[in-house]
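Mapping of the sequence shown onto mature numbering (1 follows the signal peptide of the UniProt record, and there is no 0): residues -25 to -1, 1 to 592, in sequence order.
Glycine is no exception: its CB is placed at the ideal position from the N, C-alpha and C atoms.
All remarks here apply to the structure that follows.
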Amino acid sequence: MMTIKFATMFIILIVSVLFCPGSLANPSRVPLPSWSGCSVNGPLLPRPTQLDRSKVIHEATENLTKTLDSAIEKKIKAGFNVDNTSFSIALVSPRQTNTSDEENGILWSYHHLGKNNFQGTKHLNEESQYLIGSISKVFSDLLLLKSDVDLDDPITNYLPGLQKEGSPIQWSNITLSALSNHLAGIPSNLPSSFEYYALQSVYEQLGFPPISNESYPNCGVTGLSEACNETQIIEMMSSALPVRDPYTEPVYSSLSFELIALALGQKTGKSYDKMLEEKILGPLRLTNTGSSPGNDEKAVIPPLEKDVLGWGSDYGFATPGGGLYSSLGDLSTLAKRILDETIFSNPEKTRQWLKPQSMTSGINGLVGRPWEIQRTDNLIPQNPHTVDIYAKGGGANGYVSQISLVDEYGVGFVVLTAGPRESAVAWILNEAVITSLIPAIDSEARSQAEIYTGNFSLALSRNSTTSESEDMEPVELVLSMDEGTGLKIDTLARNGSDILKGIGKLWDEMLPMIGILNPEFRIYPTGIENPVEGDGNVVLEDWRINFDTIPSDNSAMSDLPGQGKLSNVCASWQTEAWIYYGGEALDRIVFKVDRDAKKVIGVDIPFLRTGLLADAT
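Dropping the structure here:
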């Protein structure tokens, strides 16, 4: 009886609200601050296709080419020594007019061979080989994910010698997953990895105390001892000190990837090179990627003195963390297969791979497996919003590289450089390419999304047995694009009722604890599509109304300290598919789209039982 009584009172309350216009639209007890709004995380409009036919992208790449030419010709300041530096850069998109599995998805590229590069290749192209440093970790994580292992297995299942009585690191608590995403808390490298015996006198001149040769690790010290073998690596790490407890915060570690490779080798009985060839290089046809040293005739070799860990070096057991070489074509193929979600047998695994695993101390930095995720909101001045860049950088002696994926637009960027060790060329080029091209790609996405705007309407019959005009219920949906994100709902009305205001009133009664509903409604694609059987390339696309909430102005309501400091939080991710009417969510809208004709056939609003609304514009 109590439940029935409560439900009755709730219904009465809702009805009273509906018949008191404006009563809860802006409660006086909750002042509204200025609020720029929160969009969804991910594509704000359908990812653009046929980018090779885009005039705006063609103009952007043409302008960038001219600017790079001017820098190479020293007409403008490049920021690096162009004579001693070589580089290859590319824009990658799987969504071009004609693409196939054999193509690498390169939409635009630029190569420069420094005139002082007297060794290696004399003709830069997509097959030219560079050392890629820690981008090797992307290949190693991909290898792990393609192997038949449980990521929650402790590393000691495969390398039991790590855990000894009294080992400072509790290796039995460290999983393959923790190693793969920098959350194991172990050292970055073997204690001997950055030990150079020739620098002992330099250390002493800098004020360090003298040490004997016995103080150095017994293997892997450059200029003193041979490289460590597998047994020595395990022994050394069994007595190593932890840097952090597992899963406290990310600690960058190349050593983790050495241990992953050793573990997979123990399971399969195969070398890292063999596993890499079978699982990745062969299937993806990456013929210019492998363990250093590579092919001198194809190599891009900077004009540096021969030194450790430069071109031609054998990285040995350190290869999985930073010892691979690759080419612009091969890394573009890798980027393309990630972006079109074919790198694994199912797209869900690709999307899972790209998700962050932890965060850094910087407000714009997240860490993945092994992605270095940068979040920025200043790439597109004409349409400001957060853009996530899933990147991985890498460096070796004379080489710095970067691969960046912007899943929101379905594009990637590859930057490979060879030159002076102190040069910032990779960072300069990476920033120039992304900031020059992303605004053009965003503009193309908005241009292609114009097909979703318009005045969609239909007169629904109250009674299917009559067609008299006075018995019709008109439904109208008006969608537009402005300087904001996604599509803006200008009008949603049924039979003279403003449905958007109605949703606002329902929200104020049902979910006031979540926040004040933003009166500006926008919709975004979900990526969920269903083909219409027997109707060519026609699909039904699910979009969702973003129920964005405005934080209350606590500082205007309370004299307690600190009010408003924690209010700038996006909560719209908590509000999807929340309110239903007769089993249909109040935020779901479905477009029927003819992909071949690039045309929206109509729009269905399931919670209003509209059927397909046609564009009347």
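Considering only the beta carbon of each residue, do residue 602 and Ser228 sit closer than 8 Å? What the structure shows of the chain is the stretch from -25 to 592, and residue 602 is not part of that stretch, so it cannot be assessed.
Residue range of the unbroken alpha helix (DSSP H) whose run includes residue 655: The displayed coordinates of the chain run from -25 to 592. Any statement about residue 655 would go beyond what the structure contains.
Compare the beta carbon distance of Gln377 and Ala366 with 8 Å and say whether it is the shorter of the two. yes
Using a Cβ distance threshold of 8 Å, determine whether the stretch 270 to 282 contacts the stretch 184 to 197, with at least three qualifying pairs required. The stretch 270 to 282 is not in contact with the stretch 184 to 197.
Reference Gly95, options Ile426, Pro268 and Val375, closest by Cα: Pro268
When you compare the stretch 202 to 210 with the stretch 149 to 156, are there three or more beta-carbon pairs, one atom per stretch, that lie closer than 8 Å? In short, these stretches do not touch, since the Cβ pair count stays below three.
Return helix, strand or coil for Arg497, following the three-state DSSP convention. strand
Quick check on Met250: buried or exposed, where buried means 16 or more other Cβ atoms within 10 Å of its Cβ? buried
Could you pull the start and end residues of the beta strand (DSSP E) that Asp465 belongs to? Leu462 to Arg469
Taking 6 Å as the limit between beta carbons, can you name the residues of its chain near Gln423, skipping five residues before and five after? Pro23
For the candidate residues Leu216, Ala35, Pro295 and Ala215, whose alpha-carbon lies nearest to that of Ser111? When only C-alpha atoms are compared, the closest one is Pro295.
In this structure, does DSSP put Arg4 in helix, strand or coil? Summary for Arg4: the model assigns pLDDT 39, below 50, so the residue's position carries little reliability, and this model does not support an answer.
For Thr466, I'd like the list of residues in its chain whose CB is within less than 6 Å of its CB, leaving aside the five on either flank, ordered along the chain. Glu451 and Val453
Which residues bound the beta strand (DSSP E) around Asn521? For Asn521, the uninterrupted beta strand (DSSP E) segment begins and ends at Val513 to Asn521.
Quick check on the DSSP output: the beta strand (DSSP E) that includes Trp482 runs from which residue to which? Not the beta strand (DSSP E): Trp482 falls in the alpha helix (DSSP H), residues Ile474 to Met485.
Whole angstroms is fine: what's the gap from Trp482's alpha carbon to Val342's? 36 Å
Please classify Phe169: is it buried, with 16 or more other beta-carbons within 10 angstroms of its beta-carbon, or exposed? So Phe169 counts as exposed.
Could you check whether the stretch 522 to 531 touches the stretch 499 to 513, counting it as contact only if at least three pairs of C-beta atoms, one from each stretch, sit closer than 8 Å? no
Where Ile576 and Ser103 are concerned, what is the direct C-alpha to C-alpha distance, given to the nearest angstrom? 47 Å
Which of the three DSSP states, helix, strand or coil, is assigned to Ser530? helix
Please report the distance separating the alpha-carbon of Leu587 from that of Leu118. The alpha-carbon atoms of Leu587 and Leu118 are separated by roughly 46 Å.
Given a cut-off of 8 Å, decide if Leu230 and Pro162 are closer than it, judged by their beta-carbon atoms. yes
With Tyr247 as the anchor, note down where its alpha helix (DSSP H) starts and where it stops. Tyr247 to Leu251
Is there contact between the stretch 297 to 312 and the stretch 395 to 403, where contact requires at least three CB pairs shorter than 8 Å? no
Cutting at 7 Å between CB atoms, please list the residues of its own chain near Pro581, excluding the five before and the five after it. Glu559, Arg563 and Val565
Compare the beta carbon distance of Leu412 and Leu66 with 8 Å and say whether it is the shorter of the two. yes
Compare the beta carbon distance of Leu134 and Ala238 with 8 Å and say whether it is the shorter of the two. Against a cut-off of 8 Å, the Cβ pair of Ala238 and Leu134 comes out as a contact.
For Phe566, which beta-bridge partners are listed by DSSP? Glu516 and Val578
Distance, Cα to Cα, Val375 vs Gly298? 13 Å
Determine the extent of the alpha helix (DSSP H) in which Ser411 is found, giving its start and end residues. Per DSSP, Ser411 belongs to the alpha helix (DSSP H) from Val400 to Gln423.
Reduced DSSP category for Pro322 - H, G, I as helix; E, B as strand; rest coil: helix
Tell me which residue opens and which closes the alpha helix (DSSP H) that Tyr178 is part of. Gln175 to Gln180
For Leu(-13), does the three-state DSSP call read helix, strand or coil? Its pLDDT being 39, under 50, Leu(-13) is placed unreliably by the model, and nothing is read from it.
Can you tell me whether Pro449 is buried or exposed? The criterion is at least 16 other CB atoms within 10 Å of its CB, across all chains shown. exposed
So, Leu99 versus Ser61, is the Cβ gap smaller than 8 Å? yes
What does DSSP give as the partner residue(s) for Ala589 in the beta ladder? Ser432
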